[in-house]
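Numbering (our numbering), first residue to last: 2 to 69.
Where is the CB? At the ideal position from N, CA and C, for every residue including glycine.
Since the structure is predicted, the reported quantities are computational estimates derived from the model, not experimental observations.
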Amino acid sequence: MNLLEKQILYDMTLSSGNGCQPIRCHKCILASRSPVFEAMFCGPLDESKEIIEIPDIEESVLNSFVRL
2 MNLLEKQILY DMTLSSGNGC QPIRCHKCIL ASRSPVFEAM FCGPLDESKE IIEIPDIEES
62 VLNSFVRL
């Protein structure tokens, strides 16, 4: 069982914004998979919110991305 499934050591939460279950995840993993998340967490944007809502994405797509 991995860290995502155990829901331990997470440092942020993603939400698809349509009332679906939020996904607890890890900034370092997201930043390694996406230049957008890397810019949000490591660049001048420096996103410090604990919950990030992405309203234009289906919950299943968000889950798939996080679990890659």
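What's the C-alpha gap between residue i and residue j?
i	j	result
Cys-29	Tyr-11	10 angstroms
Ser-35	Cys-26	14 angstroms
Glu-39	Pro-45	10 angstroms
Glu-6	Ile-53	19 angstroms
Pro-56	Leu-4	25 angstroms
Could you give the DSSP three-state label for residue i: helix, strand or coil?
i	result
Arg-34	helix
Leu-10	coil
Cys-29	helix
Ser-17	coil
Short of 8 angstroms in beta carbon distance, which residues of its chain neighbour residue i, apart from the five on each side in sequence? Order them along the chain.
i	result
Cys-70	With the chain covering 2 to 69 only, the question about residue 70 has no answer from this structure.
Start-end ranges of the beta strand (DSSP E) lying completely within the region 38 to 63, minimum 3 residues | 52 to 54
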